[in-house]
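Undergrad: These protein sequence lines map, in sequence, to chains V and L.
Every letter in the first sequence is one number past the one before it in my numbering, and letter 29, counting from 1, is 29.
To convert, count from 1 in the second sequence and add 1000; that's my numbering.
Where a beta carbon is used, it is the ideal one built from N, C-alpha and C, also for glycine.
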Amino acid sequence: MTTRRISPSRRLIRLTSGFGVLTLLLLLAFAAFPSVFAPFDATERVALPLQKPNEENILGTNDIGQDLFSELIAGTRASLFTGLIVAFISILIGAIIGLVSGYVGGWADSLLMRFTDLILVLPFLPLVILIAVYLGPSQRNVILVLAVFFWAAPARLIRSQVLSMKSEPYIEAARALGANPIRIMACHLWSGVQPLVLVQTVLVASASILAESSLSFLGLGDPSAKSWGSMLYFARASGAFLGDAWKWWVLPTGLMITLTVLSLGLIGYGLEQRISKNVSL
Amino acid sequence: MPRRLLEFGIVFLLAISINFFLPRLMPGDPLKLIAGNAAPQLGEERVKALRAQYGLDKPLHQQYVIYLKQLARGDLGTSFRYSGGKSVVEVLSENFRWTLLLVGISLTLALLIGSALGIWSATRRGSALDLSLLSSVYILRSIPPFWLAMLFIPIFAIQLKLFPSGDSYSIPRLDGWENVKDVVRHAVMPITILTLAYVPTAYSVMRAAMHGIMESDYIRTARAKGAPRSWVVYKHGLSNALLPVLTSFMLDLGQLLGGVTVIETVFNYRGIGNMMFEAVKARDYPLLQGGFLLFTVTILILNIITEMIYPYLDPRLRRGTA
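1. Would you mind stating whether I1113(L) and V1047(L) have Cβ atoms separated by less than 7 angstroms?
2. Under the three-state reduction of DSSP, which class applies to S1121(L): helix, strand or coil?
3. State the DSSP-derived secondary structure class of D244(V), mapped to helix, strand or coil.
4. Work out the CA separation of K1225(L) and A1149(L) for me, nearest whole Å.
5. Report the partner residues of D117(V) according to the DSSP bridge assignment.
6. Is it a yes or a no for the segment 1184-1194 of chain L touching the segment 1256-1276 of chain L, going by three-plus beta-carbon pairs under 8 angstroms?
7. Let me check you understand the geometry: is the CB of N57(V) closer than 6 angstroms to at least one non-hydrogen atom of the ligand NAD?
8. Would you mind reading off the limits of the alpha helix (DSSP H) that contains Q66(V)?
9. Quick one: list the residues of chain L neighbouring S214(V), beta-carbon separation under 7 angstroms, in chain order.
10. Can you give me, in chain order, the residues of the segment 1075-1099 of chain L that have a beta carbon less than 9 angstroms from any beta carbon in chain V?
11. Do A1197(L) and G1258(L) have their beta-carbon atoms positioned less than 7 angstroms apart in this structure?
12. Shorter than 7 angstroms from the beta carbon of I1016(L) to some beta carbon of chain V?
13. Helix, strand or coil for S1087(L)? Go by DSSP, reduced to three states.
14. In the DSSP assignment, what residue or residues form a beta bridge with T1078(L)?
15. Could you compute how far the alpha carbon of M195(V) sits from the alpha carbon of I158(V)?
16. Counting pairs of beta carbons, one from the segment 1095-1108 of chain L and one from the segment 226-233 of chain V, are three or more of them closer than 8 angstroms?
17. What residues match up with T61(V) in a beta bridge as DSSP calls it?
18. Does the beta carbon of G1114(L) come closer than 7 angstroms to any beta carbon on chain V?
19. Which of the three DSSP states, helix, strand or coil, is assigned to G1055(L)?
20. Between which residues of its own chain and S1345(L) is the CB-CB distance below 7 angstroms, once the five residues before and five after are set aside?
21. Are the segment 116-134 of chain V and the segment 210-224 of chain V touching by the rule of at least three beta carbon pairs closer than 8 angstroms?
22. Do T258(V) and I1155(L) have their C-beta atoms within less than 7 angstroms of each other?
23. Could you tell me whether the Cβ atoms of A1110(L) and A1202(L) are closer together than 7 angstroms?
24. Taking the alpha helix (DSSP H) that G1126(L) belongs to, which residues open and close that run?
25. Once you ignore the five residues that flank A108(V) on each side, which residues in its own chain have a CB closer than 7 angstroms to its CB?
26. Only counting the same chain, and skipping five residues up and downstream in sequence, which positions put a Cβ closer than 7 angstroms to that of M165(V)?
27. Excluding sequence positions up to five away, which residues of its chain have a Cβ less than 8 angstroms from the Cβ of L1253(L)?
28. Could you check where the alpha helix (DSSP H) with L1253(L) kicks off and where it finishes?
29. What residues in its chain sit with their C-beta under 6 angstroms from that of A1279(L), if we drop five residues either side in the sequence?
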């Protein structure tokens, strides 16, 4: 309503986006150069198991004597990698379905959107568990299973934006000039939905990192791969979290997941506010 | 309504088809996926009988018919986790009430709390209060609920000894009133965590819906007439927001309901979710399929109930059906 009331929201968005970007940069550094930050090789047994934090191992060691701090750093790569790959695949599927559904319309549209609704109604985690069990535990299968679900919500959003762009003069002009539908979708509509696609990629990455941690925690990820979810799985399996170990084993691991999910979420939110014409927090 | 019912029917069909095709599309002998690791020990006779029972020697479409017939009789197969061979339906019905207890209370609490906070935020948009609520909800949404549970147990159960660290009741079970208190004490932590996990969705949905409505002309008119603020918010605002809120909440149900799986696992709570986790470890495929189907059916039933409530919330629909 008044500019005076909107400005604190703007300031907050700037602040949170800045926080998100800085955190993400740090995490990317962890993922790219783990050996710079981690004192030990996370896959090596470097000390006695279940050590408390000490000078050598600042977060202590896990149940088989690996350095927990080094595991934490190593886990960044798996989590970010999974999140980004899932986001990339889901958005690719979502964009194609959204573009075709919105632009072609008619039968194709109702069929595709009914299918999208089906995906959204199904109980996400139980079905993911079911599929993951049949496929077997591996990082590739986790990515596959998550991508099967995460395209649906972006597809709906992209479709509704395509619908609103469809009758814009430049699209009509392109059609009148004889451009074929594939060209219109791939060039004109695609450039229009790009900002939305960017936002959705970031948000899906955020959501899939959270989902990946749940799956790894349930023991459905690759047991040998270092990920934050599997660190928590072993913390629970060894029973160590019931004692004092929760302070240096469980707490930092979950904080890393939260920070990663939060930073991506905040970046996505900031971008979303920036591209929407009227800033409405 | 009939159109929606048809859609729900299709979802159900999809769910049972997933259950049918998953074991049969996987490489290897589907019998191994149906009978699990027990297959080699069953002996020739029993294996042959099982093969015939599931029609695994027949073409796929005939197998599907056999499967549908079994399903229609309420036969979801036999769980092979239990040595005696309990039926999946039996195991599910033992566990389902615990899940229903957790989910029912948490969803209700989250809807009430989340909506109240959402209304509060929407009517004070841009204020310090709104922004701090919004930020808190954003942080809460990023926290893995199972991690929160893993922090709650050592703090509240082991160190402070306020609540039991797991399970749904004490063993041996207490009787009468003591038993009720015992069940409540066991449910407090899982319900708290689930509610915290559900609140962000309810909050965001309500805040967005109320915001759109509070900017509309009829609210401005009501305010201009001099109607008191709270009256305008609850009578004109909320009654128009309930419908979209319920609709979007139902759309998210598939995501929300599944979350109970991990929470039950952390607390060793005797619900369907924990049962599925145990089934994963034992590769108990029939039980896993049954759990998935039960979750789907629960979501569908909740959706149907919502469809039936709609006319009471929206007078425009009432006139149409009367």
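TA: On the basis of the supplied data:
1. No, the Cβ-Cβ distance between I1113(L) and V1047(L) is not below 7 angstroms.
2. Of the three classes helix, strand and coil, the one that applies to S1121(L) here is helix, per DSSP.
3. The answer is helix: DSSP assigns D244(V) an H, G or I state.
4. 50 angstroms
5. Paired residue(s): none; D117(V) is not in a bridge.
6. Yes: at least three Cβ pairs fall under 8 angstroms.
7. Ligands are entirely absent from the displayed structure, and the ligand NAD is therefore not among its contents.
8. Here Q66(V) belongs to no alpha helix (DSSP H), and DSSP marks it neither H nor E.
9. P1144, F1146 and V1262
10. Within the segment 1075-1099 of chain L, no residue has a Cβ that lies closer than 9 angstroms to any Cβ of chain V.
11. A1197(L) is positioned such that its CB atom lies no closer than 7 angstroms to that of G1258(L).
12. Not closer than 7 angstroms to any Cβ of chain V, the Cβ of I1016(L) fails to qualify, so no.
13. In the structure shown, S1087(L) sits in a strand (DSSP, three-state: E or B).
14. S1087(L)
15. The question names Met, yet the displayed sequence has Pro at residue 195(V). About 10 angstroms.
16. No, the segment 1095-1108 of chain L is not in contact with the segment 226-233 of chain V.
17. D67(V)
18. no
19. For G1055(L), the three-state secondary structure derived from DSSP is coil.
20. A question about residue 1345(L) goes unanswered here, because the residues of chain L that appear run from 1001 up to 1322.
21. Flag = yes, the segment 116-134 of chain V and the segment 210-224 of chain V touch.
22. no
23. yes
24. Per DSSP, G1126(L) belongs to no alpha helix (DSSP H) and is neither H nor E.
25. V100 and S101
26. I171, L189 and G192
27. I1299, L1302 and N1303
28. L1253 to G1258
29. L1287 and L1288
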